[in-house]
Structure formats: C-alpha cells, structure tokens
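Residue numbers (my numbering): 40 to 689.
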C-alpha cells in the first residue's frame, strides 16, 4: 500500500471530483496540490518531489474565495485554475509551471460578474480550453449551466447556456469529444431525474440534449467526472451522493449500456487516463480503492486498497491524464478545517508481460524489436512494419535461461527486407553498422544481455552486460531446434567476458557535431536513448546499496520510459530533446547524494546547468547535442568510480 500523508490540516473544503485539483509534472518531476485555506480562504498550492515532503504554500488566486468549488487543469506546460471570488465574480487564471516547482501566474480573467454557489470543470482539446460552470441564479430559484471557450486560456467567450429550471445544484463535467478534434461532451445530473443528461459540441455548434444512464431521482449527484481516451469518453458514477453500486459507461457517438464495477456502497469516483490503462479511484467507507480497465478488452481489474482507515474520506481528486505517477488526494474529517490527504500510484512499467514460447509472425515482415507495453499471446504485425521489442522472458529451447532469470535483448537497428517465417523461424537479418564501432567491415549487432546465456557467451549470473559483437561470423547460428538465424555475422568463438566488458565502456559514444557541416541523424538520437536505458539499469544497482535514492531513480526511470526511438527521416522534436535535459537534471540529483565529492561531479553539474530546454521550431544547434556528448564522457568516469565505491558491477 502506498504511503499516505497529510498535506495540510487547514483545508476549507474540496470540490467534487470534477475539480481535479492535483497533477504530476513529469517534465520537472513535481507533484502539485491545490486547495482553499480555511483561515483566509485563499486558493493556494504546494509542490513536492516525492509526494511526502511538501513546499510552503504559494497563493494561486488574486483574491480570497467565495466558496471552495475550484477546478484545475494542467496541459503539460500551463496550469489553469477556475475559482469563485469573494466579490461573487468568476475568474480563470493561467500560470506557467517552472522547473523549481513554482508557478508564474498571469493576470486573472474575469468570466462572470454575478452569481452564487458556482462549480467548475475544465478541459482542453487540441486547440481550445473549455470551462463548464453551474450555479448562476439568472432566474429566481433556478440554476443555469454555462460553457466558455478560449484559444489561449486568457480570453474567453460564452458558447452555451441552459436553464435547468431547478433550485437544486446539478453535478457537471466536460471532456474532449472522442472523435471530433475540437469538440466536447458536456454531462450534467439534475436533482429530480432518474437519468443523466448530455450535450455534444462539434467545434462549431451544439447538438440536441440527450439522456443516458440510471440514477436515483430527488437526490444530488455530483460525484462523477469524465475522461476521454482511446476513442471513448468514459464516466463512472454512483446512483446518488449517498453512494451505491458503481456504474461505468462510455460514449462513442452514443452511450454504451451501464456496467456495474463494484456492488458496494461507493462514493467519489474519479477517472484518470494513462497510456496503459484507464484508472479509477473511489472510496467505500474508510477505504480508498483503485481499479484499472484494459483498453482492448474493456474489462476492469479487481480493486486494491490504496488507503485504509481514513476518517470520512470525501471529494477524491485525481487528474484527467497522468504520466509516470498518478496523484490522488481527498478531504478527511467531519468538519472544517479538514485534513488534505495525499498519495500517488506509480505508473512506471519496466516489463508488463512475458513472451510465451514463440513470436508468431506473418510472412513478409520487417521488424525493429522494442516493446515496453504488454505483450499478449502473440504480436500481431501488419505487413512491412518495423518494431523494436524488449523481451523479458525465458525463450524455451532457443536459449536456455534459468526460470528465475530473464534477459533483455535490445536490437538497436532496423531489420530490413523481409522475414520469411517457417516452422524453424529462420530470420534473414541485415544489421546496421554504427560508425562508432571501429572493427571489420562486416558487421554486427548489439545485444543487451542481463542474464546468463549458455554455451555461446559465458556470463556470470550476478552480472549483466552490453555485448558488442564485433567478430566476422560464419554462415549460421543454430540454436537448438526452434530457431535458425541467418545473419551477416555469426559468433565464431566464445567471447571472453573480461574482454567484452572493457569494450562496452567505449562501445557507444555520442559523436560531436558542427552546425552547417554535420546532419543530425536518427542514430545520434537513438544512441542517446540506448545510453539512458543502460544508465537506468546501473542506477537500479546503486539504489540497492543506497536506498535513499530509490525514489529519484524511479523518477529517472519514468522520464526514460517516455523516450522513443526514431527512424531515418523521422522528425526529431523539442519534446525528445527536453526529455534528455530532464533526465540529466534528474541524474545530477541522484549523483548529488552519492558522488558529490568526486571532481567529475562538479564538472558534470556545470555542463548540465548549461543544458537548455527548447521550444518547437527552434534551430537545433550543435551545442545542444555536444553538451550531451560531453556529459556522457564524464558520467562514464563517474560510473566507473561508483562501481568500485559501492561494490557493484554491470
């Protein structure tokens, strides 16, 4: 069960789950929580590197609040907060998230100049921000629902209004449309109805109001939010705020039938989309539960308890999207001031599935093997596709590996031509010769091996190596009866580990480049990714000796997991570069704990401090890449010294 901490005991209140008052900035490695203080009713935020130790409070609103119904949206660069001021006006304020865990705020935008008892929900499409709000007393005793639209988060225009005809505040939520680029789906739950209502905006106009689902009439229902992922807009909700069986539906142009997820008395559900699965957190009594849904099968997992024995948990908050870590917060207590409780769920997955027995391939394929996601029973590959697969499973009959061991095969270059597949699975492989390998002109391939291979390469079970195969190979490697692989090079003899281990240190080095002379190639980027994946494995050995760096190593692994390989001719983006910068900054934080006394550390720190994040469209100067190359030379020396200091080896 993850650690749960109290961020503050001066909480005025939290909004319903559609407020989404928490997020994780994976670029800079900070958790954020927003909440209204009880003593002066200002909207404040705190940030944290580890989810345990939090910064001092910083004020986010320009005035104190008229209620606690706030909403927060983080789009990866900017954060928007919507709030109701004590002057009875509605405001949206936009800020830029900084690398040090602070936020630089712009001026607040005044949306409405009248109103009472407001609630807000924010979302973002490809090109627009949307704000849904309810609670304006336009007509005596009735609530209205409004939607506003903005291209920049600063200037807003009204695009929707609806008089609910009731004096009971409805729950609301808004999310991007699952198929229309700048469309949205708006959902609300009116007090007297036995169903929910919705309306679709296609980017230009609104459709008719429709209905779906089933709920208890004459009861409030504000415990829900929406999330759009994988071509579907999802909602989970109980029958009323009094709780009950948890239901889930999704929208693809029409609503699916309802599926009961949990039969217990469930409250405060909040949905979060990740690249791997849909996540759901909610509470049953004093327990906070967590489930996931598989996008392919649309099936829900059993629940796990992520917090137990909580004091009346309520208004559970989670972001609409999450990368690396998913923050979760809730209100605890029975009266204001409340406690604000916090925990997080790690989304980092090194290996999620194993390959069973054989990879089934259709004829006439080319591959690049590299998979960090779940591999089910077979890999379905369309014709002429390229893959790179991380394999973490004993290959039966092909390579004898102990059941308790695994190995990682990293084929770093594209396999060209086709793969004629027979019962013996013979692969015609044409490999790529890196300019950094000064060896015979025939080449070769590189393999990441983390466990013992029998016969061909003698590797101690306690070591793992990156093996550079630089020998001229004979015609064929016959591996038992299952695989026969025809390659440009085959192992001609056993490579002594001592020889290979020394070669590996100089096997991959980033080349230096010159503006207007050298062309930045795919291999320049891909070799950098390879180095980071290897460095993560080294850091994992360090944390076994120095547990206090475990969280930061996990953060580094999360950053590296986002790095991608590119093909020749594929565009290299600012996000690719900025991930490298984030990784170097995180690496420096790790080394500060265990290597700050080394002379190379101060040199490396100086280089990393020169590294800059870039924006889209910026000319990629040689200095950006050459700083990385220089940093790796220093880190290699640090790795060697720490290997001796910590008594670890790769």
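Ideal Cβ placement from N, Cα and C applies to all residues, glycine included. These numbers come from a predicted model, not from an experiment.
Residue 45: which of 87, 112, 552 and 91 sits nearest, CA to CA? As a working mapping, residue 45 is identified with position 6 in the chain shown. The residue with the shortest Cα to Cα distance from residue 45 is 91.
Which stretch, first to last residue, makes up the alpha helix (DSSP H) that contains residue 562? By one-based count along the chain shown, residue 562 stands at place 523. From DSSP, the alpha helix (DSSP H) with residue 562 extends over 561-584.
From this set, 225, 211 and 210, which residue's C-alpha is nearest residue 217's C-alpha? Start at 1 with the first residue of the chain shown, and residue 217 comes out as number 178. Of the listed residues, the one whose Cα sits closest to residue 217 is 225.
Can you name, in chain order, every residue of its own chain whose Cβ lies under 6 Å from the Cβ of residue 620, other than the five neighbours on each side? Stepping through the chain shown from its first residue, residue 620 is reached at position 581. Around residue 620: 650 and 652.
Exposed unless 16 or more other CB atoms sit within 10 angstroms - verdict on residue 233: Counted from its first residue, the chain shown places residue 233 at position 194. It is exposed - the Cβ of residue 233 has fewer than 16 other Cβ atoms within 10 Å.
Can you tell me where the beta strand (DSSP E) holding residue 173 begins and where it ends? Locating residue 173 in the chain shown gives position 134, where the first residue counts as 1. Segment 168-173, the beta strand (DSSP E) holding residue 173.
As a quick exercise: from 587, 579 and 597, pick the residue whose alpha carbon is nearest that of residue 688. Working through the chain shown from its first residue, we reach residue 688 at position 649. Comparing Cα-Cα distances from residue 688 to each of 587, 579 and 597, the minimum goes to 579.
Enclosing beta strand (DSSP E) for residue 228 [first to last residue]: In the chain shown, the residue the question calls residue 228 occupies position 189. Note, residue 228: beta strand (DSSP E), 223-228.
Just reading off the beta strand (DSSP E) that residue 380 is part of, what are its end residues? As a first step, residue 380 must be located in the chain shown, where it is residue number 341. From DSSP, the beta strand (DSSP E) with residue 380 extends over 377-385.
Residue 56 and residue 355 - do their beta-carbons sit closer together than 7 Å? Locating residue 355 in the chain shown gives position 316, where the first residue counts as 1. Locating residue 56 in the chain shown gives position 17, where the first residue counts as 1. It is a contact, given that the beta carbons lie within the stated cut-off.
Can you tell me whether residue 638 is buried or exposed? The criterion is at least 16 other CB atoms within 10 Å of its CB, across all chains shown. Counted from its first residue, the chain shown places residue 638 at position 599. So residue 638 ends up on the exposed side.
Alpha carbon to alpha carbon, how far is residue 201 from residue 246? Give it in angstroms, no decimals. By 1-based counting over the chain shown, the position of residue 246 is 207. By 1-based counting over the chain shown, the position of residue 201 is 162. Between residue 246 and residue 201, the C-alpha separation is close to 13 Å.
Can you confirm whether the stretch 333-341 touches the stretch 272-282 when touching is taken to mean that 3 or more C-beta pairs between the two stretches lie within less than 8 Å? With the cut-off at 8 Å, the stretch 272-282 and the stretch 333-341 do not touch.
For residue 683, report the span of its alpha helix (DSSP H) as first-last. Sequence index remark: in the chain shown, residue 683 carries index 644 (1-based). 661-684 is the span of the alpha helix (DSSP H), which, as asked, contains residue 683.
Grab the span of the alpha helix (DSSP H) containing residue 620 for me, first residue to last. As a first step, residue 620 is located in the chain shown; it is residue number 581 there, counting from the start. Segment 613-633, the alpha helix (DSSP H) holding residue 620.
Alpha carbon to alpha carbon, how far is residue 284 from residue 319? The count along the chain shown starts at 1 and reaches residue 284 at position 245. The count along the chain shown starts at 1 and reaches residue 319 at position 280. C-alpha separation (whole angstroms): 14 Å.
With DSSP run on the structure shown, which of helix, strand or coil describes residue 134? Looking up residue 134 in the chain shown gives position 95. Here residue 134 sits in strand by DSSP.
Is DSSP giving residue 351 helix, strand or coil here? Counting from 1 along the chain shown, the entry for residue 351 is found at position 312. DSSP places residue 351 in coil when its eight states are reduced to three.
Contact the stretch 302-314 vs the stretch 235-245: 3+ CB pairs below 8 Å: The answer is no - the stretch 235-245 does not touch the stretch 302-314, with fewer than three Cβ pairs under 8 Å.
Compare the C-alpha of residue 605 against each of 622, 569, 69 and 623 and name the closest. Working through the chain shown from its first residue, we reach residue 605 at position 566. Ranked by Cα distance from residue 605, the options 622, 569, 69 and 623 are led by 569.
Pick from 660, 209, 625 and 686: whose alpha carbon is nearest that of residue 139? For the purposes of this step, residue 139 is taken as the residue at position 100 of the chain shown. Among 660, 209, 625 and 686, the Cα nearest to that of residue 139 is on 625.
Residue 648 (DSSP reduced to helix, strand or coil): Counted from its first residue, the chain shown places residue 648 at position 609. Three-state DSSP puts residue 648 in a helix.
Work out the CA separation of residue 259 and residue 236 for me, nearest whole Å. As a working mapping, residue 236 is identified with position 197 in the chain shown. As a working mapping, residue 259 is identified with position 220 in the chain shown. Those two C-alpha atoms are separated by around 14 Å.
Are the stretch 247-256 and the stretch 204-224 touching by the rule of at least three beta carbon pairs closer than 8 Å? no
Do you know how far the Cα of residue 679 is from the Cα of residue 121? On the chain shown, position 82 is the one that residue 121 refers to. On the chain shown, position 640 is the one that residue 679 refers to. So the alpha carbons of these two residues sit roughly 51 Å apart.
What's the C-alpha gap between residue 323 and residue 596? Indexing the chain shown from 1 puts residue 323 at position 284. Indexing the chain shown from 1 puts residue 596 at position 557. Their backbone Cα atoms lie some 33 Å apart in a straight line.
Of all the options 101, 127, 157 and 681, which has the alpha carbon lying nearest to the alpha carbon of residue 134? Working through the chain shown from its first residue, we reach residue 134 at position 95. Checking every option, the nearest Cα to that of residue 134 belongs to 101.
Do residue 366 and residue 74 have their C-beta atoms closer together than 7 Å? The count along the chain shown starts at 1 and reaches residue 366 at position 327. The count along the chain shown starts at 1 and reaches residue 74 at position 35. Their beta carbons are not under 7 Å apart, which means residue 366 does not touch residue 74 by this criterion.
Just to confirm, is the Cβ distance from residue 271 to residue 298 under 7 Å? Residue mapping note: residue 271 aligns to position 232 of the chain shown, counting from 1. Residue mapping note: residue 298 aligns to position 259 of the chain shown, counting from 1. Not in contact: residue 271 and residue 298 (Cβ atoms no closer than 7 Å).
Just to confirm my understanding: we take residue 685, look at its own chain, exclude 5 residues before and 5 after, and list those with CB closer than 8 Å. What are they? In the chain shown, the residue the question calls residue 685 occupies position 646. Cβ-Cβ distances below 8 Å link residue 685 to 580, 581, 584, 585 and 633 in the same chain, with the five nearest sequence neighbours on each side left out; the list follows chain order.
State buried or exposed for residue 137, treating a residue as buried only when at least 16 other CB atoms are found within 10 Å of its CB. In the chain shown, the residue the question calls residue 137 occupies position 98. Taking all protein chains in view, the Cβ of residue 137 is surrounded by fewer than 16 other Cβ atoms within 10 Å, so the residue is classified as exposed.
Count the other CB atoms within 10 Å of the CB of residue 558; is the residue buried (16 or more) or exposed (fewer)? Within the chain shown, numbered from 1, the residue matching residue 558 stands at position 519. By the 10 Å Cβ count, residue 558 comes out exposed.
Inter-residue spacing [alpha-carbon to alpha-carbon] between residue 628 and residue 663: Taking the chain shown and counting its residues from 1, the one referred to as residue 628 is at position 589. Taking the chain shown and counting its residues from 1, the one referred to as residue 663 is at position 624. Roughly 21 Å separates the two Cα atoms.
Can you list, in chain order, the residues of its chain with a C-beta nearer than 7 Å to that of residue 289? Leave out the 5 residues immediately preceding and following it. Indexing the chain shown from 1 puts residue 289 at position 250. Result list for residue 289: 271, 272, 273 and 295, in chain order.
Output the distance between the C-alpha atoms of residue 123 and residue 268, rounded to the nearest integer angstrom. The residue given as residue 123 occupies position 84 in the chain shown. The residue given as residue 268 occupies position 229 in the chain shown. Approximately 30 Å, taken between the alpha carbons.
Per-residue DSSP class, three states only, for residue 109: Here the question's residue 109 lines up with position 70 in the chain shown. Note: residue 109 maps to coil in three-state DSSP.
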